[in-house]
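Heads up: the structure comes next, in structure tokens.
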Amino acid sequence: MTLAEDVNNISNFVAHEQVRLTSDAKETQHYDTIVLCVSAIFHCAETLFHALQQRGSDLTSTVVLCGGIGHSTPHLYSAVAKNPRYAHLAKQINGLPEAQVMEKILDACFSGDKVRDSGVKVLVEDKSTNCGANATETKKLLQKHGLLLASGSNVLIIQDPTMSLRTKMSFEKAFEGDEVVFEACPTFVPKVTEQEGTLRFEEGEGVTEGELWDMDRFLGLILGEIVRLKDDETQAMDREEKASSGMLMCLTQCWRRMRDWRSLSRRRDSN
Numbered sequence: 001m002t003l004a005e006d007v008n009n010i011s012n013f014v015a016h017e018q019v020r021l022t023s024d025a026k027e028t029q030h031y032d033t034i035v036l037c038v039s040a041i042f043h044c045a046e047t048l049f050h051a052l053q054q055r056g057s058d059l060t061s062t063v064v065l066c067g068g069i070g071h072s073t074p075h076l077y078s079a080v081a082k083n084p085r086y087a088h089l090a091k092q093i094n095g096l097p098e099a100q101v102m103e104k105i106l107d108a109c110f111s112g113d114k115v116r117d118s119g120v121k122v123l124v125e126d127k128s129t130n131c132g133a134n135a136t137e138t139k140k141l142l143q144k145h146g147l148l149l150a151s152g153s154n155v156l157i158i159q160d161p162t163m164s165l166r167t168k169m170s171f172e173k174a175f176e177g178d179e180v181v182f183e184a185c186p187t188f189v190p191k192v193t194e195q196e197g198t199l200r201f202e203e204g205e206g207v208t209e210g211e212l213w214d215m216d217r218f219l220g221l222i223l224g225e226i227v228r229l230k231d232d233e234t235q236a237m238d239r240e241e242k243a244s245s246g247m248l249m250c251l252t253q254c255w256r257r258m259r260d261w262r263s264l265s266r267r268r269d270s271n
């Protein structure tokens, strides 16, 4: 197995794509709530906002923009400042929680008022700083607004593909016993190719390499996800009917080869 295949196997696992969101007005799927966990990868938010512009309340009744101020927030500020479409907001968003940053982008660039006028309630959850808190704080916010999710409610979780599986699991844990159906929508699954010992992102799905992570940061993120999921990954695969000792062994081997390659690459680059 090649290094690129190792990376893509891990990337596919942690992205856990269950839904591909579309802006097609003919699409009939409706979600009771859509939760957008804010990140510096704008493809996630843009996919949702374009769909809301086209479908409004036919897509969902409630959107929760989720994210406080944490260790990744500076990456969001930097991404806004570097993006030609959003750079004019850079001074306004400095120091704001991530959810408030994304609300400003929605309002300034994606007709947020028209989305609300269509019947979509937009809530801002601006306290959480990790996946677990994303889930618990979202539940508190929905309860505060009297938006209790009834048994059988369907909720779409839009999250950075490096954290999509773990975030979905966090919501399932927070709403345990409520019989709410959660589906993961990373909006795209990152893939890489290897050229002369160097990894590069494959461009496509409306995503360009310049809009993504630094490669070393990306590798660090997905390697870290496997460590965080270690205690629950078998349970996660069981729940999605993917359990097999062969898959678990394959992921572990991919993780070890990636870790060793990244360590060697970083030592080489530092010399």
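Numbered by UniProt numbering, the letters in the sequence shown go through residues 1 to 271 in order.
We put the beta carbon where it would ideally sit given N, CA and C, even for glycine.
Check	Outcome
Determine the contact status of W213 and L221, defining contact as a CB-CB distance below 9 Å.	yes
In three-state DSSP terms, what is L36?	strand
Cβ atoms of G132 and M102: under 9 Å apart, would you say?	no
Tell me where the alpha helix (DSSP H) around L76 begins and ends.	73-82
Compute the Euclidean distance between the alpha carbons of E16 and L36, then round it to the nearest angstrom.	The residue you asked about is not Glu; residue 16 is His in the sequence shown. Their Cα atoms are separated by approximately 16 Å.
Following the continuous beta strand (DSSP E) through I41, name the residue where it begins and the one where it ends.	Segment: none, I41 is in no beta strand (DSSP E) and carries neither H nor E.
Under DSSP, the alpha helix (DSSP H) around I105 begins and ends at which residues?	98-109
Take A51 as the anchor and find which of L106, I69, L165 has the nearest alpha-carbon.	L106
Taking only the alpha-carbon atoms, compute the straight-line gap between I93 and E172 and give it to the nearest angstrom.	31 Å
Take D6 as the anchor and find which of D260, D269, C254, R266 has the nearest alpha-carbon.	C254
Measure how close the beta-carbons of F201 and V192 come, nearest whole angstrom, since I'm counting them as under 8 Å.	6 Å
Taking all protein chains shown into account, decide if A150 is buried (16 or more other Cβ within 10 angstroms of its Cβ) or exposed.	exposed
Consult DSSP for T193 and reduce its assignment to one of helix, strand or coil.	strand
Could you tell me if E225 is buried or exposed, where buried requires 16 or more neighbouring beta carbons within 10 angstroms of its beta carbon?	buried
Rounding to the nearest angstrom, what Cα-Cα distance links L65 and A79 in this structure?	18 Å
Do you know how far the Cα of L3 is from the Cα of E46?	31 Å
With DSSP as the reference, label W120 as helix, strand or coil.	Before going on, a small fix: residue 120 reads as Val here, not Trp. Coil, per DSSP.
For S170, which three-state DSSP category applies?	helix
In whole angstroms, what separates the C-alpha of V115 from that of V124?	15 Å
Can you give the Cα-Cα distance for T33 and H88, rounded to whole angstroms?	30 Å
Any idea if H30 is buried or exposed, counting beta-carbon neighbours within 10 angstroms, 16 or more meaning buried?	exposed
Assign L251 to one of two classes, buried (16 or more other C-beta atoms within 10 Å of its C-beta) or exposed (fewer than that).	buried
Give the straight-line distance between the Cα atoms of T136 and P97, rounded to the nearest whole angstrom.	17 Å
Determine, using beta carbons only, whether S39 and V189 come nearer to each other than 9 Å.	no
Note the first and the last residue of the continuous beta strand (DSSP E) segment covering A184.	181-185
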